[in-house]
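What follows is a short report on a single structure.
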Amino acid sequence: MISLKNLLGSEGNILSDRSLQLLLLANMVYPMGTTMISPVLESLILPLSTTPAAVGLLVTAFFAPLMILSPIAGGLTDAYGRKPILVVGLLTFGISGLLMTLSTSFLLTLSLRFLQGVGGACILPVIVASIGDLYTGSASATAQGLRSTSHGLSGALFPIFSGFLVLIAWNYPFLLYAVPLPIALIIYLFLEEPSTPVSEVQSQDRISFRTIMQKAPSLLLYPRLSAAVLGMFITSFIFTAYVTYSSLIIVLGIGGSAGQAGILVSLFSGASAIAASQSGRVYSYFSNLTYPFSILSVVIGGGLMLVALSQSLMHMAVGAFCIGVGFGLLFSLWRVLIIEFTPEAFRGVIISFGETAKGAGATLAPVIMGIVFIVLQSHYELVFALRLTNALFGFLAIIVSIYLSFIAVSQTPERISMADF
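Quick note, the sequence shown lines up with residues 44 to 464 if you use my numbering.
Here's what the structure looks like:
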């Protein structure tokens with residue numbers, strides 16, 4: 044019989060922990076904010092009396108509060124506990140989503156999506172911080188990898204339901220946003236507040252929210268912590284570059300189809316989910332973490348270069364697989380380093396800074412690469428400029444990511460002492 048240790052490594056048995064099971068259950072809510080609504084955007088144009096150009100704002104409205112409010116939500120969890128903020132986030136996410144079922148106004152739906160984003164800002168960073176409260180080292184890496192895997196499974200499952208429901212009525216997919224409500228109740232009843240040691244907080248149970256928000260930015264002045272946060276940015280940048288441009292390279296570069304591009308995205312998602320589940324095994328195998336970070340930097344950056352320069356779909360599939368492996372493992376390992384470096388009293392807010400950096404990478408990648416692409420297109424033909432842009436950023440990602448890994452993990456991770464700032 045295959046055991047959890049055989050599947051997930053030496054720390055695989057943590058999957059039987061009730062607290063982790065509850066956090067993974069709550070984690071499946073967050074992807075519903077994007078993956079569930081994206082397939083039905085076109086179906087919303089007519090009933091909401093909007094345009095194809097404007098309907099995309101429903102995605103932007105969800106991400107905007109995540110960028111702005113995640114650090115505030117993280118600070119609140121440090122000051123008042125993880126559980127109450129998580130429950131409020133789940134309820135806000137679910138109720139605002141359900142109310143969209145009743146809306147026929149684009150402006151009202153846009154406002155509800157913004158409110159749903161506020162709820163989302165109270166979900167993901169809190170779950171990542173809670174895992175950091177419960178586990179350390181390879182156990183933390185395993186748990187973070189399982190969180191990424193559950194994220195991917197949710198992202199694959201709910202769009203299928205959404206696609207079927209929209210065939211019945213345009214607003215029926217929003218009924219799926221009822222799912223977070225019973226999950227919020229389960230979390231409220233059964234999740235124990237993750238313990239937060241207070242030895243570094245001068246015998247106080249918790250320091251004030253104001254103090255947390257005032258002092259937290261100074262932690263980013265520590266090179267190893269800031270390198271880990273920037274690592275989140277670079278990894279997200281490369282992922283977004285692949286998602287944004289891979290279909291164009293497939294269709295324009297080798298005469299492929301949108302369906303083939305979709306298959307490669309599915310391959311990426313599968314590779315990412317499987318690789319993330321092995322994060323604990325990778326963390327415990329290497330005594331010097333510089334090695335896995337350097338190898339994975341080459342894998343993800345090289346994967347983007349391979350997709351950019353390949354002349355066959357098979358070679359592009361190999362590149363997509365490499366990007367998925369690098370994405371799944373790097374995000375989990377960068378998060379573990381951020382947790383290891385950060386004092387417990389500031390864990391929530393600093394993790395939120397990391398998630399904000401991830402969002403910034405996703406936001407800026409199309410803008411920065413678009414500018415470079417336009418410049419190159421003025422000198423070269425379109426397809427060559429497109430390939431060159433992606434290959435260039437894949438190469439730069441390798442160099443920058445390896446450099447950041449040497450700064451962050453050249454030594455054994457050590458937590459920053461509260462006495463140092």
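Note that the Cβ used here is the ideal one computed from N, Cα and C, for glycine as well. In this text, all values refer to a predicted model and were calculated from it rather than measured experimentally.
**Report entry** Gln321, enclosing alpha helix (DSSP H) - first and last residue
**Finding:** Run containing Gln321: none; DSSP gives neither H nor E here.
Query raised in the report: Helix, strand or coil for Gly99 per DSSP?
Result: coil
Report task. Reducing DSSP to helix, strand and coil, say where Asn214 ends up. Result -> coil
Query raised in the report: What residues in its chain sit with their C-beta under 7 Å from that of Ser242, if we drop five residues either side in the sequence?
Result: Here the model assigns Ser242 a pLDDT of 38, short of 50, so the residue's position is not dependable and the matter cannot be decided.
Query raised in the report: Got a sec? Which residues, its chain only, sit under 7 Å from Ser193 by beta carbon, not counting five neighbours each side?
Result: Leu67, Asn70, Met71
Query raised in the report: Exposed or buried, what is Ser246 when buried is set at 16 or more other beta-carbons lying within 10 Å of its beta-carbon?
Result: Residue placement at Ser246 cannot be trusted, given a pLDDT of 47 that sits under 50; the coordinates are not used to answer.
Query raised in the report: In whole angstroms, what separates the C-alpha of Arg156 from that of Leu101?
Result: 6 Å
Query raised in the report: With 16 other CB atoms within 10 Å as the buried threshold, where does Ala122 fall?
Result: buried
**Report entry** Ala221, buried or exposed, once every other Cβ within 10 Å from all chains shown has been counted against 16
**Finding:** exposed
Requested in this report: Would you kindly work out how many angstroms separate the C-alpha atoms of Asp248 and Ile445, rounded to a whole number?
Outcome: Legend: pLDDT at Asp248 = 49, less than 50; position of this residue unreliable, no value from coordinates given.
Query - Candidates Gly180, Phe201, Lys126, of which the one nearest Asn331 by Cα - result: Gly180
**Report entry** Selected residue, minimal CA-CA separation from Ala164, among Ala403, Leu447, Val415, Thr399
**Finding:** Thr399
Query raised in the report: Looking at the unbroken alpha helix (DSSP H) that takes in Ile442, where does it start and where does it end?
Result: 425 to 452
Query raised in the report: Cβ atoms of Leu419 and Leu431: under 8 Å apart, would you say?
Result: yes
Query - Own chain, CB closer than 6 Å to Phe282, minus 5 neighbours either side, in chain order - result: Phe370
**Report entry** Stretch pair the segment 313 to 321 + the segment 356 to 372: three plus CB contacts closer than 8 Å
**Finding:** yes
Requested in this report: Output the boundary residues of the alpha helix (DSSP H) element that contains Ser197.
Outcome: 180 to 208
Query raised in the report: Assuming Val478 contacts Leu109 under a Cβ cut-off of 8 Å, what Cβ separation, rounded to an integer in Å, is found between them?
Result: Here the chain has residues from 44 to 464 only, and residue 478 is not among them.
Requested in this report: Quick one: give me the first and last residue of the alpha helix (DSSP H) that His358 is part of.
Outcome: 356 to 384
Report task. Use the C-beta contact count for Ala351: other C-beta atoms within 10 angstroms, 16 or more gives buried, fewer gives exposed. Result -> buried
Requested in this report: Confirm, please, whether the CB-CB distance from Met79 to Leu210 is below 8 Å.
Outcome: no
Query - Integer-rounded CB distance, given that Ala284 should sit under 8 Å from Met412 - result: 6 Å
Query - Buried versus exposed call for Ala212 [16 or more other C-beta atoms within 10 Å across all chains shown] - result: exposed
Query - Reference Tyr328; option with closest CA among Gly299, Ile230, Phe396, Ala184 - result: Ala184
Query raised in the report: Can you round the beta-carbon distance between Leu447 and Ile277 to whole angstroms, since I take them to be within the 8 Å contact cut?
Result: 7 Å
Query raised in the report: When burial is assigned at 16 or more other CB atoms within 10 Å of the CB, is Ile394 buried or exposed?
Result: buried
Query - Whole-number beta carbon distance between Ser139 and Gln532, since they are thought to touch under 8 Å - result: There is simply no residue 532 to check, as the chain begins at 44 and stops at 464 in what is shown.
Query - Tyr326 - DSSP class collapsed to helix/strand/coil - result: helix
Report task. Using three-state DSSP, classify Leu142 as helix, strand or coil. Result -> helix
**Report entry** Simplified DSSP assignment, three categories, for Leu263
**Finding:** coil
Query - Inter-residue spacing [alpha-carbon to alpha-carbon] between Tyr231 and Gly132 - result: 12 Å
Query raised in the report: Would you report the Cα separation of Gly274 and Leu376, rounded to the nearest angstrom?
Result: 10 Å
Query raised in the report: Among residues of its own chain, excluding the 5 on either side of Ser289, which ones have a beta-carbon nearer than 8 Å to its beta-carbon?
Result: Ala304, Leu307, Val308, Val350, Met359, Ala363
Requested in this report: Just tell me which of Val410, Ala259, Tyr73, Glu235 has its CA closest to the CA of Gly137.
Outcome: Tyr73
Report task. Look up Gly124 in the DSSP assignment and say whether it is helix, strand or coil. Result -> coil
Requested in this report: Check Thr152 in the structure and name its three-state DSSP category.
Outcome: helix
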